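Undergrad: Start counting the sequence shown at 4; every next residue gets the next number (my numbering).
We treat Cβ as the ideally placed atom computed from N, Cα and C, and that holds for glycine.
These numbers were taken from a predicted model, which means no experiment stands behind them.
Take this structure, written in structure tokens, and hold onto it; I'll ask about it next.
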Amino acid sequence: MAARAAAAPHGPPPPPLRKGRLTTLLALVLVAALHGAAWFAWNRPVALPDWRGPIAGFAFAPYQRGQSAESEDWPSAAQIAGDLRTIAPLTRRIRTYTVDGGFDRIPALAQEQGLDLRVTLGAWLDGKPRDAAELRRLAAAARARNVELLMVGNEAILRGDLTPAKLAAQIRLLRTMGVRQPISTAEPWHVWLAHPELAQAVDVITIHLLPYWEGLPVADALRFTLEKYDAVAARFPGKRIVVGEVGWPSDGRDIGAARASRVNQAAFLRGFFAEAEKRHLDYFVMEAFDQPWKVSFEGRAAGHWGMFDLDREAKWPLAGMVRETPGWAFWAAGATLFSFLAVLALLSRRPDIRLPGKLLLAGLAQAFVTGITAVILTMAGS
């Protein structure tokens, strides 16, 4: 009789055990729902004014993953040509920053690809002996028919590498080399106002308008940008002005009220494109492609000014809704499922834990997994 009793099949679990399983499931479902709602709220589609016209120009630095001007690891001619083909459907003009590392061949590469791209060709000056060779390369590359403007230095005065007088001397030196194009140099708007004598040395004033660095909220950024453009134009009447850099980063630390994000980048640039068309402004977007090699010395935002990411994928469309994280549903579902299964396995051993404890455990686990997911997304965009 005792043996038969021992071998008898088990009945349904006792009520406390059934209740424990139900509270486990309830805790997991509640946390998963809150997690999904948070992802959706962060990545809700944002309606912005469409832009269906061309883009006046791009700042063009075709460094690929792992390449850097600092390490002199330069892109190949094939890589440069590929990047030229990527942006050619959007614009007819590009601006470069150096003629070192084979970048002096960019005008010729554009012609070889049959691309209708006009080039503002730049020389990087930092007050070192190599500046002379850079100017000679610039003069030689300027023979290409599609070079329309020469840029002698980029923010050299802002960095303190050159004084206005020394920069003007370099511009005069380039003029002796037989170049036919107009000559400019690029500095933030406030440098031109602080050093009006610099305008006498150039044919064209090139200004940088980057309101993110000014700590402004994106809602005020366009107004600020146009005001500073007007201030420079009023200070130098009759002088041609080019906006050499204008943009907003898609990632980076907050500076004052300025927040770097994809949605903010899209909002600022779409709005600027429309205003620039109304005012007939000459500009270059900062910039075509993300440049993560800059992060080590300029901060995280410096690597994320591109309209295209490091894989040459557009970060957002020029028309239609914009989301902060493309493919967010995949990442949200993965993080939810991983956390759900991990906590379920743990709580199956401890069904006696009360509901508040289960909610706390599930919430902490979900927060941890979501944090890891955010790190992966950040690294993927670097």
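DSSP state of Asp-257, grouped into three classes?
TA: Of the three classes helix, strand and coil, the one that applies to Asp-257 here is coil, per DSSP.
Undergrad: Just how far apart, CA to CA, sit Ala-40 and Glu-327?
TA: C-alpha separation (whole angstroms): 15 angstroms.
Undergrad: Starting from Ile-208, trace the alpha helix (DSSP H) both ways and give me its first and last residue.
TA: Here Ile-208 belongs to no alpha helix (DSSP H); instead the beta strand (DSSP E) covers 207 to 212.
Undergrad: For Ile-375, which residues of its own chain have a beta-carbon under 6 angstroms away from its beta-carbon, when the five flanking residues on both sides are left out?
TA: Hits under 6 angstroms: none found.
Undergrad: Name the one or two DSSP bridge partners that Pro-191 has.
TA: DSSP output for Pro-191 lists His-211 as bridge partner(s).
Undergrad: Using the Cβ count rule (16 or more neighbours within 10 Å means buried), how would you classify Asp-76?
TA: Counting Cβ neighbours within 10 Å, Asp-76 comes out exposed, since fewer than 16 surround it.
Undergrad: Gln-116: which of Gln-184, Gln-82, Ala-172 sits nearest, CA to CA?
TA: Nearest option by C-alpha distance: Gln-82.
Undergrad: DSSP on Gly-309, reduced to helix/strand/coil?
TA: Looking at Gly-309 - three-state DSSP - the assignment turns out to be coil, as it is neither helix nor strand.
Undergrad: Have a look at Leu-176 and Glu-73 and give me their C-alpha separation to the nearest angstrom.
TA: So the alpha carbons of these two residues sit roughly 26 angstroms apart.
Undergrad: Just checking my contact of Ala-145 with Gln-184 at CB under 8 angstroms: how many whole Å lie between their CB atoms?
TA: 6 angstroms between Cβ atoms; contact.
Undergrad: Give the straight-line distance between the Cα atoms of Ile-210 and Leu-28, rounded to the nearest whole angstrom.
TA: Cα to Cα, Ile-210 sits roughly 60 angstroms from Leu-28.
Undergrad: What are the residues that DSSP puts in a beta bridge with Met-154?
TA: Beta-bridge pairing links Met-154 to Gly-125, Ser-187.
Undergrad: Whole angstroms are fine: how far does the CA of Arg-273 sit from the CA of Val-266?
TA: In a straight line, the C-alpha of Val-266 is about 11 angstroms away from that of Arg-273.
Undergrad: Decide if Gly-259 is buried, meaning its Cβ has at least 16 other Cβ atoms within 10 Å, or exposed.
TA: Counting Cβ neighbours within 10 Å, Gly-259 comes out exposed, since fewer than 16 surround it.
Undergrad: Is the Cβ-Cβ distance between Val-325 and Val-288 less than 8 angstroms?
TA: Cβ atoms of Val-325 and Val-288: not closer than 8 angstroms.
Undergrad: Specify, as a first and last residue, the run of the beta strand (DSSP E) that Tyr-286 falls within.
TA: Its beta strand (DSSP E) spans residues 286 to 288.
Undergrad: Alpha carbon to alpha carbon, how far is Ala-263 from Leu-201? Give it in angstroms, no decimals.
TA: Going by the C-alpha atoms only, they are around 32 angstroms apart.
Undergrad: Terminal residues of the continuous alpha helix (DSSP H) containing Arg-175?
TA: Looking at the DSSP string, the run of the alpha helix (DSSP H) that includes Arg-175 is 167 to 178.
Undergrad: The beta strand (DSSP E) spanning Gly-247 covers which residue range?
TA: That run of the beta strand (DSSP E) goes 243 to 249.
Undergrad: State yes or no: is the C-beta of Gly-302 within less than 8 angstroms of the C-beta of Ala-261?
TA: For Gly-302 and Ala-261, no; Cβs fall outside 8 angstroms.
Undergrad: Between which two residues does the alpha helix (DSSP H) holding Arg-273 run?
TA: Element bounds for Arg-273: 265 to 282.
Undergrad: Count the C-beta pairs between the stretch 136 to 154 and the stretch 191 to 198 that are closer than 8 angstroms, then say yes if the count reaches three, no if not.
TA: Cβ pair count under 8 angstroms is below three, so no.
Undergrad: Can you tell me which of Arg-47, Ala-222, Thr-188 puts its alpha carbon nearest to the alpha carbon of Ile-208?
TA: The candidate whose alpha carbon is nearest that of Ile-208 is Thr-188.
Undergrad: Measuring alpha carbon to alpha carbon, tell me which residue in Asp-86, Pro-92, Thr-94, Arg-95 is nearest Phe-106.
TA: Cα-wise, what sits closest to Phe-106 is Asp-86.
Undergrad: Report yes if the C-beta distance between Val-122 and Pro-110 is below 8 angstroms; otherwise report no.
TA: Going by C-beta atoms, Val-122 is nearer than 8 angstroms to Pro-110.
Undergrad: Is Ala-126 closer than 8 angstroms to Val-102 when the C-beta atoms are compared?
TA: Closer than 8 angstroms, so yes.
Undergrad: Short of 7 angstroms in beta carbon distance, which residues of its chain neighbour Ala-91, apart from the five on each side in sequence? Order them along the chain.
TA: Once the five neighbours on either side are set aside, the close Cβ partners of Ala-91 are Leu-118, Leu-120.
Undergrad: Hey, how far is the Cα of Lys-242 from the Cα of Asp-285?
TA: So the alpha carbons of these two residues sit roughly 13 angstroms apart.
Undergrad: Measuring straight from C-alpha to C-alpha, what distance separates Ser-253 and Ala-142?
TA: Cα to Cα, Ser-253 sits roughly 35 angstroms from Ala-142.
Undergrad: If you draw a straight line from the alpha carbon of Leu-128 to that of Glu-137, how long is it in whole angstroms?
TA: The straight-line gap from Cα to Cα measures roughly 8 angstroms.
Undergrad: Do Ala-317 and Trp-54 come within 8 angstroms of each other at the CB atom, strictly closer than that value?
TA: No; because the gap between Cβ atoms is not below 8 angstroms, this pair is not in contact.
Undergrad: Taking the beta strand (DSSP E) that Arg-96 falls in, what are its first and last residues?
TA: Note, Arg-96: beta strand (DSSP E), 96 to 98.
Undergrad: I need the straight-line Cα distance from Asp-314 to Gly-255, nearest angstrom please.
TA: The straight-line gap from Cα to Cα measures roughly 18 angstroms.
Undergrad: For Ala-5, which residues in the same chain have their Cβ closer than 8 angstroms to its Cβ, ignoring the five residues on either side in sequence?
TA: For Ala-5, the pLDDT reaches just 44, beneath the cut-off of 50, and the residue's location in the model is therefore unreliable, leaving the point undetermined.
Undergrad: Rounded to a whole number of angstroms, what is the C-alpha to C-alpha distance between Leu-229 and Pro-57?
TA: Spanning the two alpha carbons is a distance of roughly 20 angstroms.
Undergrad: Classify Gly-163 as buried or exposed, calling it buried when 16 or more other Cβ atoms lie within 10 Å of its own Cβ.
TA: The residue is exposed, with fewer than 16 neighbouring Cβ atoms inside 10 Å.
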